[in-house]
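Have a look at the structure below, then the notes.
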Amino acid sequence: MTAYRLTSRLLALAAALAPVFAGAATAAPTVSSSAKDIVPLTLERVFGDPPLQGRLVRQAEISPDGAWVSYLRPSETDSEQLELWAQPAAGGAPRKLVSAADVLGGRSQQLTEAERMALERKRISQGGITGYQWCGPSGKALLFPLSGDLYLVRLGDQGPTAQRLTNDEQVPEQDPTCSPDGSRIAYVKGGELWVQALDGGGAARARDEGRDGDAFLGPG
């Protein structure tokens, strides 16, 4: 990516997120200049909802097609739970794409020791959707891990829809990566590299199919 294109994308990202950060700032409580209006700052308030600093967003990214700005933000009902949001880069209202509650169906979120250590290395103390990536060049799909499995959320005309890609909460799929064309994903599971098609095909170990990292990064 040239310096010009990188600068343009950064400026677009900053412009698109300006209303989001402004909203987070106004969400923080203010202290009146009048002494009689000052409320004592208790430990319960310091650690309660909404957070004193407002609901700050993290991991803001521009979609590959430049149409969306995506980010993680705390839930309105629980600031310790992160949700995946996006808004049109050209302007428009932010919208929630998916939350942990949307896809877990009442199940509680579970973290393996490997996942817990990975979050600690990233200094992430919150739960919910703690990471994601755009999948493919179209700007229509995002991949995210949750509770030991992988999910894909697609942006369609009828709104976002989430799809569960794997179903093994005991052995998590780690370090997921989408192929450049968005047709497959690769991940590490049980110390081995696996490849899985997104058209409904099953997963297979890369060595069983004679694939390596360079083959995965090539055309689908």
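Using our numbering, the letters of the sequence shown map in sequence onto residues 11 to 230. Ideal Cβ placement from N, Cα and C applies to all residues, glycine included.
Going by DSSP, what residues sit across from residue i in a beta bridge?
| i | result |
| --- | --- |
| Thr187 | Ala196 |
| Thr171 | Arg164 |
| Lys106 | Trp95 |
| Glu202 | Lys199 |
| Leu153 | Gln143, Leu162 |
Does the beta-carbon distance from residue i to residue j come in below 9 Å?
| i | j | result |
| --- | --- | --- |
| Asp209 | Ser148 | no |
| Ala70 | Gln91 | no |
| Tyr142 | Leu66 | no |
| Ala100 | Ala77 | yes |
| Gln162 | Phe154 | The sequence as given places Leu at residue 162; Gln does not occur at that position. Taking 9 Å as the Cβ cut-off, Leu162 and Phe154 qualify as a contacting pair. |
List the whole-angstrom C-beta distance separating residue i from residue j, where the pair is believed to meet the contact cut-off of C-beta under 8 Å.
| i | j | result |
| --- | --- | --- |
| Glu93 | Ser80 | With 8 Å as the limit, Glu93 and Ser80 do not qualify as a contact, their Cβ atoms being about 11 Å apart. |
| Val181 | Arg194 | Their Cβ separation, rounded to whole angstroms, is 20 Å, which puts Val181 and Arg194 out of contact at 8 Å. |
| Thr176 | Asp159 | 5 Å |
| Asp112 | Ala172 | 6 Å |
| Leu203 | Ala214 | Not quite, the Cβ-Cβ distance comes to about 10 Å (not below 8 Å), so this is no contact. |
Take residue i as the anchor and find which of the options has the nearest alpha-carbon.
| i | options | result |
| --- | --- | --- |
| Lys106 | Ala100, Ala96, Gln168 | Ala96 |
| Pro98 | Val108, Ser73, Arg217 | Ser73 |
| Leu129 | Leu152, Leu156, Pro104, Gly115 | Leu156 |
| Thr187 | Val67, Gln119, Trp144 | Trp144 |
| Glu179 | Val113, Pro104, Thr87, Gln120 | Gln120 |
| Gly137 | Gly116, Ser89, Gly211 | Ser89 |
| Glu183 | Val108, Ile134, Gly192, Tyr197 | Tyr197 |
| Lys199 | Gly166, Asp185, Gly211 | Asp185 |
| Pro104 | Arg217, Gly116, Leu114, Pro170 | Pro170 |
| Arg68 | Lys132, Arg215, Met127 | Lys132 |
| Pro190 | Arg174, Ala207, Gly201 | Ala207 |
| Gly146 | Gly192, Ser135, Thr122 | Gly192 |
Could you check what DSSP says for residue i in three-state terms: helix, strand or coil?
| i | result |
| --- | --- |
| Val113 | helix |
| Ala207 | strand |
| Glu71 | strand |
| Leu121 | coil |
| Ala100 | coil |
| Arg133 | coil |
| Ala128 | helix |
| Tyr81 | strand |
| Ser42 | Any answer about Ser42 is weak, because its pLDDT of 47 lies below 50 and its placement is not dependable; what the coordinates show is given next. In the structure shown, Ser42 sits in coil (DSSP, three-state: anything other than H, G, I, E or B). |
| Asp159 | strand |
| Gly138 | strand |
| Gln180 | coil |
| Arg217 | coil |
| Gly212 | coil |
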